[in-house]
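Student: Sending over a structure as C-alpha coordinates; questions will come in a sec.
In this note's numbering, the protein residues as written are 1214 to 1368.
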(Lines of atoms letter the chains of each structure in order from A and count residues from 1; the text may use other names and numbers.)
(Lines give C-alpha, C1' and ligand atoms only; values in the text may rest on other atoms or scores of the structure.)
Protein backbone atom coordinates (compact mmCIF):
# COMPACT_ATOMS: atom_id res chain seq x y z
CA UNK A 1 0.00 0.00 0.00
CA UNK A 2 2.90 2.38 -0.62
CA UNK A 3 1.82 5.57 -2.36
CA UNK A 4 -1.59 5.48 -0.69
CA UNK A 5 -2.36 8.13 1.89
CA UNK A 6 -1.88 6.82 5.45
CA UNK A 7 -5.45 7.93 6.20
CA UNK A 8 -6.84 5.19 3.97
CA UNK A 9 -4.27 2.48 4.63
CA UNK A 10 -5.57 -0.02 2.12
CA UNK A 11 -6.58 0.08 -1.55
CA UNK A 12 -9.72 -1.96 -0.86
CA UNK A 13 -10.82 0.44 1.88
CA UNK A 14 -10.28 3.41 -0.46
CA UNK A 15 -12.26 1.71 -3.26
CA UNK A 16 -15.10 0.98 -0.81
CA UNK A 17 -15.17 4.60 0.36
CA UNK A 18 -15.16 5.85 -3.25
CA UNK A 19 -18.04 3.51 -4.15
CA UNK A 20 -19.99 4.82 -1.14
CA UNK A 21 -19.41 8.46 -2.17
CA UNK A 22 -20.38 7.74 -5.79
CA UNK A 23 -23.55 6.00 -4.58
CA UNK A 24 -24.48 8.99 -2.37
CA UNK A 25 -23.90 11.56 -5.13
CA UNK A 26 -25.75 9.79 -7.97
CA UNK A 27 -29.41 10.63 -8.38
CA UNK A 28 -31.86 7.75 -8.13
CA UNK A 29 -35.47 7.21 -9.25
CA UNK A 30 -37.95 8.24 -6.54
CA UNK A 31 -41.06 6.11 -6.00
CA UNK A 32 -43.93 8.49 -5.17
CA UNK A 33 -46.56 5.74 -4.95
CA UNK A 34 -48.59 5.94 -1.75
CA UNK A 35 -49.56 2.56 -0.32
CA UNK A 36 -53.32 2.06 0.02
CA UNK A 37 -54.33 4.86 -2.37
CA UNK A 38 -56.67 3.65 -5.10
CA UNK A 39 -57.78 0.51 -3.27
CA UNK A 40 -59.57 -0.54 -0.12
CA UNK A 41 -57.47 -1.20 2.94
CA UNK A 42 -57.85 -2.76 6.34
CA UNK A 43 -57.91 -6.19 7.99
CA UNK A 44 -59.39 -8.98 5.92
CA UNK A 45 -59.50 -7.05 2.62
CA UNK A 46 -58.16 -8.93 -0.38
CA UNK A 47 -55.39 -7.23 -2.37
CA UNK A 48 -56.55 -5.62 -5.64
CA UNK A 49 -56.74 -7.85 -8.71
CA UNK A 50 -55.19 -5.34 -11.04
CA UNK A 51 -51.73 -4.06 -10.11
CA UNK A 52 -51.49 -0.58 -8.69
CA UNK A 53 -50.06 2.09 -11.02
CA UNK A 54 -46.66 3.27 -9.82
CA UNK A 55 -45.72 6.94 -9.78
CA UNK A 56 -41.96 7.12 -10.22
CA UNK A 57 -39.99 10.32 -10.64
CA UNK A 58 -37.10 9.48 -12.97
CA UNK A 59 -33.60 10.68 -12.10
CA UNK A 60 -32.00 13.16 -14.49
CA UNK A 61 -29.44 11.78 -16.91
CA UNK A 62 -26.21 13.30 -15.64
CA UNK A 63 -22.85 13.35 -17.36
CA UNK A 64 -20.33 10.80 -16.10
CA UNK A 65 -18.15 11.68 -13.11
CA UNK A 66 -14.72 13.17 -13.77
CA UNK A 67 -13.13 10.40 -11.73
CA UNK A 68 -15.12 7.57 -13.36
CA UNK A 69 -12.07 5.99 -15.02
CA UNK A 70 -9.65 6.80 -12.21
CA UNK A 71 -9.62 4.26 -9.39
CA UNK A 72 -7.01 6.10 -7.29
CA UNK A 73 -8.73 9.50 -6.87
CA UNK A 74 -12.03 11.04 -5.72
CA UNK A 75 -12.94 14.26 -7.52
CA UNK A 76 -15.73 16.20 -5.87
CA UNK A 77 -17.63 18.65 -8.09
CA UNK A 78 -19.80 19.97 -5.28
CA UNK A 79 -19.69 23.71 -4.72
CA UNK A 80 -18.47 24.62 -1.25
CA UNK A 81 -20.69 27.48 -0.07
CA UNK A 82 -18.47 28.23 2.92
CA UNK A 83 -15.69 29.28 0.56
CA UNK A 84 -17.94 31.73 -1.31
CA UNK A 85 -17.37 34.35 1.38
CA UNK A 86 -13.63 34.26 0.66
CA UNK A 87 -13.83 34.64 -3.13
CA UNK A 88 -12.63 37.92 -4.63
CA UNK A 89 -15.43 39.46 -6.69
CA UNK A 90 -13.62 42.62 -7.87
CA UNK A 91 -9.97 43.39 -8.51
CA UNK A 92 -8.45 45.05 -5.39
CA UNK A 93 -7.05 48.61 -5.58
CA UNK A 94 -3.33 48.42 -6.30
CA UNK A 95 -3.67 45.78 -9.04
CA UNK A 96 -4.16 46.74 -12.69
CA UNK A 97 -4.98 43.30 -14.09
CA UNK A 98 -6.06 39.87 -12.95
CA UNK A 99 -2.84 38.03 -13.77
CA UNK A 100 -0.68 40.19 -11.48
CA UNK A 101 -3.18 39.78 -8.63
CA UNK A 102 -3.27 36.00 -9.06
CA UNK A 103 0.55 35.84 -9.23
CA UNK A 104 0.81 37.78 -5.96
CA UNK A 105 -1.79 35.56 -4.26
CA UNK A 106 0.02 32.38 -5.34
CA UNK A 107 3.16 33.46 -3.48
CA UNK A 108 2.75 32.67 0.24
CA UNK A 109 3.84 35.34 2.73
CA UNK A 110 4.11 33.30 5.94
CA UNK A 111 7.35 32.54 7.80
CA UNK A 112 6.89 28.82 7.03
CA UNK A 113 7.66 29.43 3.33
CA UNK A 114 10.09 32.38 3.53
CA UNK A 115 13.11 33.23 5.61
CA UNK A 116 12.45 35.32 8.73
CA UNK A 117 14.25 38.33 7.20
CA UNK A 118 12.24 38.12 3.95
CA UNK A 119 9.00 37.62 5.90
CA UNK A 120 9.61 40.73 8.06
CA UNK A 121 10.49 42.71 4.95
CA UNK A 122 7.24 41.63 3.23
CA UNK A 123 4.99 42.62 6.15
CA UNK A 124 6.82 45.84 7.01
CA UNK A 125 4.49 48.87 6.73
CA UNK A 126 5.25 51.34 3.94
CA UNK A 127 5.40 54.28 6.36
CA UNK A 128 6.52 54.33 9.96
CA UNK A 129 5.86 57.11 12.47
CA UNK A 130 7.80 57.54 15.69
CA UNK A 131 5.96 57.40 18.99
CA UNK A 132 4.72 60.82 20.15
CA UNK A 133 4.91 62.33 16.66
CA UNK A 134 1.87 64.45 15.73
CA UNK A 135 0.01 63.32 12.61
CA UNK A 136 -1.43 66.23 10.69
CA UNK A 137 -5.08 65.82 9.65
CA UNK A 138 -5.97 65.43 6.01
CA UNK A 139 -6.58 68.82 4.42
CA UNK A 140 -9.93 69.39 2.75
CA UNK A 141 -9.73 70.02 -1.03
CA UNK A 142 -10.98 73.32 -2.43
CA UNK A 143 -14.72 73.43 -2.94
CA UNK A 144 -15.44 71.10 -0.04
CA UNK A 145 -14.92 73.68 2.67
CA UNK A 146 -18.54 74.83 2.50
CA UNK A 147 -20.70 71.88 3.45
CA UNK A 148 -24.42 72.70 3.36
CA UNK A 149 -26.18 72.11 6.66
CA UNK A 150 -29.17 69.84 6.72
CA UNK A 151 -32.35 71.46 7.82
CA UNK A 152 -35.12 69.52 9.39
CA UNK A 153 -38.61 70.11 8.20
CA UNK A 154 -41.08 71.25 10.82
CA UNK A 155 -43.76 68.72 11.52
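Positions of the beta carbon are idealized from the N, C-alpha and C atoms, including for glycine.
1) Within the region 1267–1323, note down every full alpha helix (DSSP H) run reaching 4 residues or more, in order along the chain.
2) Taking the straight line between their C-alpha atoms, what separation do you get for residue 1258 and residue 1237?
3) Mark residue 1268 as exposed unless 16 or more other C-beta atoms lie within 10 angstroms of its C-beta, in which case mark it buried.
4) Measuring CA to CA, which of 1351, 1282, 1301 is closest to residue 1318?
5) By Cβ distance, which residues of its chain are closer than 6 Å to residue 1217, with the 5 residues on each side in sequence left out?
6) Counting only the same chain and skipping the five closest in sequence on each side, list residues whose C-beta sits under 7 Å from that of residue 1350.
7) Beta carbon of residue 1247, beta carbon of residue 1270: below 8 Å?
8) If you follow the alpha helix (DSSP H) that residue 1342 is in, where does it begin and where does it stop?
9) Please state whether DSSP places residue 1336 in a helix, a strand or coil.
10) Would you say residue 1308 lies against chain C (beta-carbon separation less than 8 Å)?
11) Tell me residue 1244's beta-bridge partners as DSSP assigns them.
12) Check for me: the alpha helix (DSSP H) holding residue 1262 runs from which residue to which?
13) Do residue 1240 and residue 1281 count as a contact pair if the criterion is CB distance below 8 Å?
14) What's the gap between the Cα of residue 1330 and the Cα of residue 1339?
Tutor: Working from what's here:
1) 1311–1319
2) For the purposes of this step, residue 1258 is taken as the residue at position 45 of the chain shown. For the purposes of this step, residue 1237 is taken as the residue at position 24 of the chain shown. The straight-line gap from Cα to Cα measures roughly 39 Å.
3) Position 55 of the chain shown, counted from the start, is the residue given in the question as residue 1268. The residue in question, residue 1268, is exposed, as its Cβ has fewer than 16 Cβ neighbours within 10 Å.
4) Position 105 of the chain shown, counted from the start, is the residue given in the question as residue 1318. The shortest Cα separation from residue 1318 among 1351, 1282, 1301 belongs to 1301.
5) Taking the chain shown and counting its residues from 1, the one referred to as residue 1217 is at position 4. Below a pLDDT of 50, predicted positions are generally treated as unreliable, and residue 1217, at 49, falls in that range; the measurement from the model is reported next regardless. Answer for residue 1217: no residue qualifies.
6) Indexing the chain shown from 1 puts residue 1350 at position 137. Contacts found: none.
7) Residue 1247 sits at position 34 when you count from the first residue of the chain shown. Residue 1270 sits at position 57 when you count from the first residue of the chain shown. Result no, Cβ atoms of residue 1247 and residue 1270 do not sit closer than 8 Å.
8) Mapped onto the chain shown, residue 1342 falls at position 129. First-last for residue 1342: undefined, no H or E at that position.
9) As a position in the chain shown, residue 1336 is number 123, starting the count at 1. Secondary structure at residue 1336: helix, using DSSP grouped into helix, strand and coil.
10) Absent from the structure: chain C. Only one protein chain is present.
11) Taking the chain shown and counting its residues from 1, one reaches residue 1244 at position 31. Paired residues: 1269.
12) Reading the chain shown from its first residue, position 49 is the one you call residue 1262. It is not in any alpha helix (DSSP H) - residue 1262 carries neither H nor E in the DSSP assignment.
13) By one-based count along the chain shown, residue 1281 stands at place 68. By one-based count along the chain shown, residue 1240 stands at place 27. Not a contact, by the Cβ cut-off of 8 Å.
14) Within the chain shown, residue 1330 is the residue found at index 117, counting from 1. Within the chain shown, residue 1339 is the residue found at index 126, counting from 1. Each residue's alpha carbon lies about 16 Å from the other.
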